[in-house]
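Enquirer:
There are 2 protein chains.
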Amino acid sequence: MSIQPKDLSHHLSVESASRKPSPLKAIAGSVSKKGLNVISLAGGLPNPQYFPFREMGAEIPSIGSWVRGAENEGNLSNVSVPMDSQNEDDLPLSVALQYGKGSGCAPLSKFLKEHTQLIHSPPYKDWDILLTTGNTQGLDMCLRMLLNRGDSILVEKYTFPSALQAMRPMGLNVVSVDMDKNGMLPESLDNILSNWKDGNKPRVLYTIPSGQNPTGSTLSVERKEKIYALAQKHDFIIIEDEPYYYLQMDEYQHKPEAVDPKFTNEEFVKNLITSFLHIDVDGRVIRMDSLSKVVAPGSRIGWITAQPLFIERSLRYTETASQNASGISQALLQALFQTWGHDGYLAWLKNIRFSYTERRNALLYAMDKYLPKSICSYIAPEAGMFIWFEVDKAAYKFADQGKSIAEIESEIHADAIEDGANVACGNWFVVDSSINDKIFFRVTFAYAELHEFEIAIERFANVLKKFFNF
Amino acid sequence: MSIQPKDLSHHLSVESASRKPSPLKAIAGSVSKKGLNVISLAGGLPNPQYFPFREMGAEIPSIGSWVRGAENEGNLSNVSVPMDSQNEDDLPLSVALQYGKGSGCAPLSKFLKEHTQLIHSPPYKDWDILLTTGNTQGLDMCLRMLLNRGDSILVEKYTFPSALQAMRPMGLNVVSVDMDKNGMLPESLDNILSNWKDGNKPRVLYTIPSGQNPTGSTLSVERKEKIYALAQKHDFIIIEDEPYYYLQMDEYQHKPEAVDPKFTNEEFVKNLITSFLHIDVDGRVIRMDSLSKVVAPGSRIGWITAQPLFIERSLRYTETASQNASGISQALLQALFQTWGHDGYLAWLKNIRFSYTERRNALLYAMDKYLPKSICSYIAPEAGMFIWFEVDKAAYKFADQGKSIAEIESEIHADAIEDGANVACGNWFVVDSSINDKIFFRVTFAYAELHEFEIAIERFANVLKKFFNF
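Keeping their order, the protein sequence lines are chains A and B.
Per the UniProt record's numbering, residue 1 is the first one in the first sequence, and the count goes up by one each step.
Per the UniProt record's numbering, residue 1 is the first one in the second sequence, and the count goes up by one each step.
1) Quick one: which residues of the stretch 422–449 of chain B get their C-beta closer than 7 Å to a C-beta of chain A? List them in chain order.
2) Keeping to the same chain, check which residues put their C-beta closer than 6 Å to that of B/V285; ignore five residues upstream and five downstream.
3) Listed in chain order, which residues of the stretch 197–220 of chain A have Cβ atoms closer than 8 Å to some Cβ of chain B?
4) In the DSSP assignment, the alpha helix (DSSP H) including B/G341 goes from what residue to what residue?
5) Let me confirm a value: B/K224 is counted as buried when at least 16 other C-beta atoms fall within 10 Å, else exposed. Which label applies?
6) Can you tell me where the beta strand (DSSP E) holding A/Y206 begins and where it ends?
7) Give the list of continuous beta strand (DSSP E) stretches no shorter than 3 residues that lie fully inside the stretch 261–308 of chain B.
8) Using 8 Å as the cut-off, can you tell me whether the stretch 145–160 of chain B makes contact with the stretch 422–433 of chain B, which would need three or more C-beta pairs spanning the two stretches below that distance?
9) So, B/G216 versus B/W388, is the Cβ gap smaller than 8 Å?
10) Is B/A347 near B/F470, with beta carbons less than 8 Å apart?
11) Would you check if the distance between the CB atom of B/D128 and the CB atom of B/I311 is smaller than 8 Å?
12) Measuring alpha carbon to alpha carbon, tell me which of B/N462, B/D89, B/A258, B/L349 ends up nearest B/L363.
13) Please state whether the Cβ-Cβ distance between B/R168 and A/S18 is less than 8 Å.
14) Going by the beta-carbon positions, is the gap between A/L130 and A/I153 smaller than 8 Å?
15) Scan the stretch 113–147 of chain B for residues whose Cβ lies nearer than 8 Å to a Cβ of chain A and list them as they occur along the chain.
16) Straight-line CA distance for B/A446 to B/L108?
17) For chain B, check one thing: does any of its Cβ atoms lie closer than 8 Å to the Cβ of A/S299?
18) Could you spell out the range, first to last residue, of the beta strand (DSSP E) harbouring A/I60?
19) Closest to A/C425 by CA distance: which of A/I27, A/E390, A/I435 is it?
20) My assumption, with CB atoms under 8 Å, is that A/D460 sits in contact with A/A416. Please give the rounded CB distance.
21) Closer than 8 Å is the cut-off here; do at least three beta carbon pairs connect the stretch 260–275 of chain B with the stretch 299–309 of chain A?
22) Using CA coordinates, which residue listed in A/T264, A/I328, A/Y345 is at the minimum distance from A/V294?
23) Scan the stretch 27–54 of chain B for residues whose Cβ lies nearer than 7 Å to a Cβ of chain A and list them as they occur along the chain.
24) Where does A/M179 fall in DSSP's three states?
25) In this structure, does DSSP put B/D128 in helix, strand or coil?
26) How many angstroms separate the CA atom of A/H10 from the CA atom of A/L143?
27) Find the residues of chain B that neighbour A/G100, judging by a C-beta separation of less than 7 Å, and give them in chain order.
28) Identify, in the order they occur along the chain, each residue of the same chain with its Cβ nearer than 6 Å to the Cβ of B/D178, setting aside the five sequence neighbours on each side.
29) When we look at the beta-carbon of B/R203 and count the other beta-carbons within 10 Å, is it buried (16 or more) or exposed?
30) Suppose you measure from the CA of B/T339 to the CA of B/L193; what does that come to, to the nearest Å?
31) Which residues mark the beginning and the end of the alpha helix (DSSP H) in which A/I455 is found?
32) Are the CB atoms of A/N213 and A/F386 within a distance shorter than 8 Å?
33) Can you list the beta strand (DSSP E) stretches of 3 or more residues lying completely in the stretch 80–158 of chain A, in chain order?
34) Residues of chain B with a CB under 8 Å from the CB of A/P161: which are they?
35) From the DSSP output, which residues share a beta bridge with B/R316?
36) Taking a contact to mean a Cβ-Cβ separation below 8 Å, would you say B/Q4 touches B/Y99 in this structure?
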C-alpha cells in the first residue's frame, strides 16, 4: 500500500519556486527517429582522451576482515576503476571524470536508493534520492529551497553550530525548542506553534534525531510520532539530519569494554531506530544521510531522500550550484559498494556500530571513574559520537564574580587545554544565549585513542577541582 | 612593487556581511603552553582507522608522453596516495579522507597558488586562492557574497545559460551588455552605467573573457584595460570566469590540420592572454579557474583568486555550505601535480592547447567547405571550445509565417537531429530575448571525433537548404 505524497509546493521559497530547467537539456540524449547516429557538436564536454587518469584503484578491507579473530582479519582487497566499461553497475573513469548528472552517477545512486529502501522503506509513492556533497551542503540547499529571509526555523535548544552559521546569514529567525535528556520535547514544539502570534509561523523543523550533536540524545519512536503529528497539525517540514544514524549502541553495562551482540544483518536492520522518513506518509520529511561518519568525510558524498517535488527542485539547484558531486569520489565509493554489496556494507556498518560501542563504553567508564559524581551528570548516549555532561553551577567557586555561563566555560576550557585535555564548551552549541543558564561540556569518543580516554578525563577532573567545590 | 588592495567591503551582500566565524574553531589546533600533548575529546572527527580505503593509486601519462613521436609516447606512470606521510607535499589518505580545510588541503592549495602566481602575478598584496567545487559553485558563492535580491548584474549579451539560471532565482536583474565578434563592448558597458537611473546601479560584472561561451570571442588586453577602467570609474566588481583560458589557439591558416608551435614553457606562458587578474591593482577582480576543461570535470575542483576580504568571506561560506572540496579528488590531483611538477603541468597544458587547435582547425575547415558562405558567417575563435555562427535571417524561406528567432532555430535544430547532427541554438544563450533578432548556432570541436566533423557539418548544411535560400 503506497500512497501519493501531499502537494507541499506552498512550502517552496521564492528562490526555489522560480527555478527553471536549463535550456541546455535539449543538448543531451537526442535521438534521430531516422535511426541515424547523431553526432553531437552541441554540448561543451571535453573528449575523455584528454583526461590524465587512465585507471584508478584502491585497497579496501575484504568483507568480514574487520571482525577480530576472523579467518581473514586484516585482509585487504584491491578494487579498480577501469577507463571504460559496458557493465551498468560499473562507474568507469570515462563517466566519472566527465560532467555528471546532478542527481549522481547512476550505479551509485541506485545502490544508495536500494540501501534507503532496505533501511527506511518510505511509505509513499515515487520518493527518490539526490546526491549531495555532504549534509552541510544538503542543509544549505534545503534551507534555500524552503525559506525566505525573515522566515523562522525550529531547532533543538542546543544544536550543531555550523547549521546556525548557515541559517542566520540567510536572515532566518532561529527558534529554540526545549529538550530533555531524550531530545526535543514535543510539548515545547506544540507550545511554540500553538501560541505563535507574529505571523510567518515556522514552516520548517531542523532536527538531528539520533545521537544529537551536541547532547547525544536520541528521539524515541513515540516522540517521533508525536512530533510528526505536530508537523501535520501545524503543517511544517521536517529536515531530518542523520549523520550519526548508524552509530547506534547497546545498553551501557558500566564496564570499560563491550560485548559484540553478533547480530545477523537482518537483526541489525531490525534493531535500527525507526526514522521520521519511515513514518512520513505525507512526504513532508527531507532526510539527509551522510557517509562522513561511516565511510569517510573526505568523500564529500551524502544524499537527501524526499518526495518528488523536493527532489526535482533540489536537482534544479544542484545543476546551477554544485553541478554534481565529485565523480572521482563517486567512482571510488561505487567500487567499494559494488565489491561489498548490500550485505557486505551492512556487515561494515555492524563493525562501525560495535567499535563505537566499545569507544563509548571506555569513555563513560573513565568519566564514571574520575568525574566527581556530586557535580557532574550525564547519560549514556544510545547513538552518536558525543557525551554531553552538566557541571552543577551551584558548586562554582567564583559565583560572586558575576561571570556568564560562556565565560565560565571558556575559562575552564582554556585551563584544560593547558593541562592537556581539550573538550567542547556547551555555549558553542546554544541557540538562544539569553536562556543559557547551565554549564555543559561535550566530549567525543570518536577520535582519540582508547588508552587516552582515562588520561584526558583525569586531567579534566583535576581542572574542575580548581573551579568547583566538591 | 606590491600595493594594498582597496577596501571594497561595501560590496558585500547582507548575507555575506553577516557571516561569523564558527565557534568550533576553538576546537582545532589547541596547544598547551605547558608542553603537554593535548588529547582532544572536542572535535567530532572519525578516527581514520574506520576509513575503508588503505591506499589509492592511478595511472597517469608520463611527462611528455602526450607529444606525438616522443620517445615515451603513450607511456603511463603509476601514482599512489599512501595512507600516511610525513612529507609536506604529500596529501595522504589519512588527511584526504578526513574533514578538510574549507580553503583546500595545504599541498594542493599551495600548488595552485604557485601556478596562479606563475601565470597571472596579481599586482597587489596578500591575494589568495580558495578551492571551490568548480566554477559553477564558485559563481553561486560569489553571487551570494556580493548581491542582494533586487540587485542588478551585468553580463554579456549571450552567455552561459547555467549562470543565468543561478542569477535569476536569486532575484537578480540581469543586464545585457552588447558584444561584437571580439566580445563585450566597453562603450555599451559605459553607456548602461552612465545612464543608469533607477538607483541600485549594477555593482558586479560577470564575464567569460577567453573563448566566451557561446560566442567564442576573446577580449583583447586593450578592451580589458578599458573595462577595468570602467570598473574603477563606476566602482563595480569583475567576476572573471575562465574555464577556457588555457584553450588558446594559434591563428587559423585555412587548413584542416595544425602545426605545433613547439613553444618552450616560457614562450607558452608569455603568449597567454593578459587576464583581468593581472591588471587588477584594486583587488576588484574575482577570478574563477577551473580544472574541468584541462584536467577533468568530474574532479569538481576549481579555485577563486581574490583579495583577502573576498577570500575570507568565501571561506566562511564554504564552511557552512560545501565544507570542502572532495578530499579524494584533491588527493588524486595532488598526486598528479606532484608527479608532474609545474613544468610537467605546463607541458600538459601546451598539449591540450595544441590538440584543441587541431580540433578547431578541422571543424572550421569543414564549415568552410560545407556551409553556404552567402548566408553563414563566423570567425575563427582564438580560444575556447566553440564556434558561433550566424545564419542570415534575410534568406529564411518562411518569413511570412511570423515565427520568432527561437522558433526558427528550434525547428532547424529538430530537423538537424533527425538528420544526425546536433548543434546548440543561439536562443538558449540569449540574456534578453526581447532584443534577440539574429539566428545563431553554436558548434563545439571539443567532444566529437575528428573524422565526424565533416559528416556532421555536411548534414547540417543540407538541413539549411530546406530553410534558407542560397
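Glycine included, each C-beta is placed from N, C-alpha and C at the ideal position.
Expert: According to the structure shown:
1) Only those residues of the stretch 422–449 of chain B whose C-beta falls short of 7 Å from the nearest C-beta of chain A are listed: N422, V423, A424, W428, V443, T444, A446, Y447, A448.
2) Exclusion of the five residues before and after B/V285 leaves I238, E240, F276, L277 as the residues of its chain whose Cβ lies within less than 6 Å of its Cβ.
3) Those would be N213, in chain order.
4) B/G341 -> alpha helix (DSSP H) spans 327–370.
5) With 16 or more Cβ atoms within 10 Å of its Cβ, B/K224 is classed as buried.
6) For A/Y206, the enclosing beta strand (DSSP E) stretches over residues 204–207.
7) Runs of the beta strand (DSSP E) inside the stretch 261–308 of chain B: 285–290, 302–306.
8) By the C-beta criterion, the stretch 145–160 of chain B is judged to be in contact with the stretch 422–433 of chain B, since at least 3 inter-stretch pairs fall below 8 Å.
9) The beta carbons of B/G216 and B/W388 sit closer together than 8 Å.
10) No. Outside cutoff.
11) Taking 8 Å as the Cβ cut-off, B/D128 and B/I311 qualify as a contacting pair.
12) Out of B/N462, B/D89, B/A258, B/L349, the CA that lies nearest to the CA of B/L363 is found in B/A258.
13) Closer than 8 Å, so yes.
14) Taking 8 Å as the cut-off, the Cβ atoms of A/L130 and A/I153 do not count as close.
15) Result list: T133, G134, T136, Q137, D140.
16) Take the alpha-carbon of B/A446 and the one of B/L108: they are about 27 Å apart.
17) A/S299 counts as touching chain B.
18) Its beta strand (DSSP E) spans residues 55–61.
19) For A/C425, the closest of A/I27, A/E390, A/I435 by C-alpha to C-alpha distance is A/E390.
20) Sequence check: residue 460 of chain A is Phe here, not Asp. Their Cβ separation, rounded to whole angstroms, is 5 Å, which keeps A/F460 and A/A416 in contact under 8 Å.
21) The stretch 260–275 of chain B is not in contact with the stretch 299–309 of chain A.
22) Nearest C-alpha to A/V294: A/Y345.
23) Correct list: I27, S30, S32, K33, K34, L36, N37, V38, I39, S40, L41, A42, G43, G44, L45, P46, N47, Y50, F51, P52, F53, R54.
24) Annotated three-state conformation of A/M179 is strand, per DSSP.
25) Strand at B/D128.
26) Each residue's Cα considered, the two are about 15 Å apart.
27) Near A/G100 (Cβ distances below 7 Å), the residues of chain B are G298.
28) The answer, listed in chain order, is K157, L185, S188.
29) Burial state of B/R203 is buried, judged by a 10 Å Cβ sphere holding 16 or more other Cβ atoms.
30) C-alpha separation (whole angstroms): 48 Å.
31) Where A/I455 is concerned, the enclosing alpha helix (DSSP H) starts and stops at 452–467.
32) Yes, these two residues count as a Cβ contact at 8 Å.
33) Within the stretch 80–158 of chain A, the complete beta strand (DSSP E) runs of at least 3 residues are 128–132, 152–156.
34) Going along chain B in sequence order, the residues near A/P161 (Cβ under 8 Å) are S22, P23, L24.
35) As DSSP reads the structure, B/R316 sits in no beta bridge.
36) Not a contact, by the Cβ cut-off of 8 Å.
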